[in-house]
Amino acid sequence: MKWPAAVALLLASLTACGSSSEDAAGDRTLTVFAAASLKDSFSEIAEQFEAENPGVTVRLSFAGSADLVAQVEQGAPADVLATADERTMRGAQDDGLVEVLDSIGSNRLEIATPPGNPAGIRSLADLAGRDVQVVLCAPAVPCGAAAHRVEKIASIDIEPVSEEQSVTDVLSKVAAGEADAGLVYVTDVQTAGDSVDGVPFAESAEVVSTYPIASLSRSDESALAQSFVDFVATGPGQDVLRAAGFGPR
Amino acid sequence: MALTSQHSGVPRWVLVPAAAGALFIVLPLVALATRVEWGSFFSLIGSDSSQAALWLSLRTSAASTVLCLLLGVPMALVLARTTFRGQAVLRSIVLLPLVLPPVVGGIALLYTFGRKGLLGETLDVLGWQIAFSTTAVVIAQTFVSLPFMVVSLEGTLRTAGQQYEVVAATLGARPTTVLRRVTLPLVLPGLAAGAVLSFARALGEFGATITFAGSLEGVTRTLPLEIYLQRESDPDAAVALSLLLVVVAVLVIGLVRGGRGAAT
Numbered sequence: 001m002k003w004p005a006a007v008a009l010l011l012a013s014l015t016a017c018g019s020s021s022e023d024a025a026g027d028r029t030l031t032v033f034a035a036a037s038l039k040d041s042f043s044e045i046a047e048q049f050e051a052e053n054p055g056v057t058v059r060l061s062f063a064g065s066a067d068l069v070a071q072v073e074q075g076a077p078a079d080v081l082a083t084a085d086e087r088t089m090r091g092a093q094d095d096g097l098v099e100v101l102d103s104i105g106s107n108r109l110e111i112a113t114p115p116g117n118p119a120g121i122r123s124l125a126d127l128a129g130r131d132v133q134v135v136l137c138a139p140a141v142p143c144g145a146a147a148h149r150v151e152k153i154a155s156i157d158i159e160p161v162s163e164e165q166s167v168t169d170v171l172s173k174v175a176a177g178e179a180d181a182g183l184v185y186v187t188d189v190q191t192a193g194d195s196v197d198g199v200p201f202a203e204s205a206e207v208v209s210t211y212p213i214a215s216l217s218r219s220d221e222s223a224l225a226q227s228f229v230d231f232v233a234t235g236p237g238q239d240v241l242r243a244a245g246f247g248p249r
Numbered sequence: 001m002a003l004t005s006q007h008s009g010v011p012r013w014v015l016v017p018a019a020a021g022a023l024f025i026v027l028p029l030v031a032l033a034t035r036v037e038w039g040s041f042f043s044l045i046g047s048d049s050s051q052a053a054l055w056l057s058l059r060t061s062a063a064s065t066v067l068c069l070l071l072g073v074p075m076a077l078v079l080a081r082t083t084f085r086g087q088a089v090l091r092s093i094v095l096l097p098l099v100l101p102p103v104v105g106g107i108a109l110l111y112t113f114g115r116k117g118l119l120g121e122t123l124d125v126l127g128w129q130i131a132f133s134t135t136a137v138v139i140a141q142t143f144v145s146l147p148f149m150v151v152s153l154e155g156t157l158r159t160a161g162q163q164y165e166v167v168a169a170t171l172g173a174r175p176t177t178v179l180r181r182v183t184l185p186l187v188l189p190g191l192a193a194g195a196v197l198s199f200a201r202a203l204g205e206f207g208a209t210i211t212f213a214g215s216l217e218g219v220t221r222t223l224p225l226e227i228y229l230q231r232e233s234d235p236d237a238a239v240a241l242s243l244l245l246v247v248v249a250v251l252v253i254g255l256v257r258g259g260r261g262a263a264t
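What follows is the structure in structure tokens.
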């Protein structure tokens, strides 16, 4: 009869852990689900928001946009949702999960190369060369769809050596020198700092993706959620996003 | 089942947590099956990219199983039949891929066999490009599967003991003959179990592959990678492919359990 007691104790301690992190002294918590590419900007914005709203804690959860929408659809406790493209947000919209929708900024593609650009990439057309190892996002993910449209506009055919799941996967393979070039967002090149070089190209202006943000309809903190949305969409958050390379909304 | 337990002396109450454990594993699989769009199941798993992913998975898993046999059997023999300094440490290191997060394995492989990796440049000079190739997939799968081969075979070797080998040796058999005629036939069930476990593990490999090998249809995009990608655009296809992977895995594991039952 010893082990049931031990199991009970274990379960009790686990559940105790779970509940003790909840607001103890009437403090309010806002849970924000944001696309992985917003990680740096939103961490900074959350700090500013907390400073302006004493007693408010912003909990941030970062993942791929599709993962976030799937989590929200399965009932994950989020108050605000920010995705990397409108298509994924539309999924949440169709399910009636989204209350107020706004846009926080835009992003466009840039070529990323390993530091020093060893393959000498100067333009988008260089990526179509036979001897260049290019990594793209898969067409199923937002950055891949954008890459596909850019290829069409420039009427070139890039034959990637790999179609990755996310921008970060592309970026890490380029940064590691595994690939000669990759197509990522302007903001990713900026965030990556010295680990990659960026090569801008003209065609990217024609494929601009918009980042939407929304408060969620079943949030218990809808007023607070809305003020966070405003803070990012029209308030001080805009400065942070501009500094990170995001274009106007 | 309850009748058998009375005879074998297992206390009845054990059945309750045992059933809970079984339910814990079965229930998610049932939940998966309930989400399958059965009407379009076969068109979902029959698409060109799904077929390419399944075929690539089966091929690479078979190749990595062969590699696991070639590398794992000697390792198990050394660990089970010899004693040397640092053996315990070596055993721990061999088991490491079992507990490493697959992404860590992938990163480690990248910095070993990648273009800029420890061996990458040498291999590049020899004209062997591993980055973004099917070879990279096989390497990733072998890395995570090898411990399964070594562990199950070493266990069998230790349980089997050495008396037959000693007898064979005293009768004048050379070590290689003993290995071929006595040891390996003796541990055949363990060898089969290890091979099938390795195959199953390779089939499910995801993290190291996506980190190290990349993802390109027909070249490096195995079934688990295809499922992860499909989730992004076509969740129904992802669910259908998940079930397909489960079925293949169950078939593979069932194969060895059946074979083992007959052998013992």
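For the record, the sequence lines run as chains A and B.
Mapping of the first sequence onto the UniProt record's numbering: position 172 corresponds to residue 172, and the numbering continues sequentially without gaps.
Mapping of the second sequence onto the UniProt record's numbering: position 101 corresponds to residue 101, and the numbering continues sequentially without gaps.
We put the CB at the ideal spot given by N, CA and C, even for glycine.
Would Glu121 (chain B) be called buried (16 or more neighbouring beta carbons within 10 Å of its own) or exposed? Of the other Cβ atoms in all chains shown, fewer than 16 fall within 10 Å of the Cβ of Glu121 (chain B); this residue is therefore exposed.
Any C-beta of chain B sitting closer than 8 Å to the C-beta of Gln165 (chain A)? yes
For Thr83 (chain B), is the classification buried or exposed, using 16 other Cβ atoms within 10 angstroms of its Cβ as the cut-off for buried? exposed
Could you give the DSSP three-state label for Thr82 (chain B): helix, strand or coil? coil
Locate the alpha helix (DSSP H) running through residue 255 (chain A), then write down its first and last residues. Nothing about residue 255 (chain A) can be read from this structure; chain A reaches only from 1 to 249.
Measuring only the C-alpha atoms, how far is Asp194 (chain A) from Pro114 (chain A)? Near 9 Å, if we compare the C-alpha coordinates of Pro114 (chain A) and Asp194 (chain A).
Name, please, each residue of chain A whose Cβ falls closer than 9 Å to the Cβ of Ile210 (chain B). Glu164, Gln165, Asp169
Below 8 Å between beta carbons: does that hold for Gly194 (chain B) and Ser152 (chain B)? yes
CA-CA distance, Thr187 (chain A) and Asp220 (chain A)? 33 Å
Could you check whether Thr83 (chain A) and Ala35 (chain A) sit closer than 8 Å to each other, using their CB atoms as the reference points? Against a cut-off of 8 Å, the Cβ pair of Thr83 (chain A) and Ala35 (chain A) comes out as a contact.
Given Ala179 (chain A), which residues of its chain have a CB within under 6 Å of its CB, disregarding the five upstream and five downstream residues? Gln133, Val135, Lys173
As assigned by DSSP and simplified to three states, the class of Arg35 (chain B): coil
Examine chain A for any beta-carbon lying closer than 8 Å to the beta-carbon of Gly214 (chain B), and answer yes or no. yes
Sorted by chain position, which residues of the same chain lie with C-beta nearer than 8 Å to Leu90 (chain B)'s C-beta, five sequence neighbours on each side aside? Leu79
Touching by the beta-carbon criterion (3+ pairs, under 8 Å), the stretch 166-177 of chain B and the stretch 111-125 of chain A: no
Quick one: is Ala140 (chain A) near chain B, going by C-beta distance under 8 Å? yes
Whose CA, out of B:Ile253, B:Asp234, B:Leu70, B:Ala88, lies closest to the CA of Ser40 (chain B)? Measuring from the Cα of Ser40 (chain B), the nearest candidate turns out to be B:Asp234.
Which residues in the same chain as Ala208 (chain B) place their Cβ atom closer than 7 Å to its Cβ, once the five residues preceding and following it in sequence are excluded? Pro102, Gly105, Gly106, Leu109, Ala140, Phe143, Val144
Considering only the beta carbon of each residue, do Ser61 (chain A) and Val240 (chain A) sit closer than 8 Å? no
Alpha carbon to alpha carbon, how far is Met75 (chain B) from Ser166 (chain A)? 38 Å
If I measure Cβ to Cβ from Ala119 (chain A) and keep anything under 6 Å in the same chain, skipping five residues before and after, which residues do I get? Val132, Asp180
Where the beta strand (DSSP E) through Ile213 (chain A) begins and ends: 208-216
What residues match up with Ile111 (chain A) in a beta bridge as DSSP calls it? Its beta-bridge partners are A:Leu183, A:Val199.
Considering Cα atoms alone, identify which of A:Val208, A:Arg218, A:Gly55, A:Glu203 is closest to Ile153 (chain A). A:Glu203
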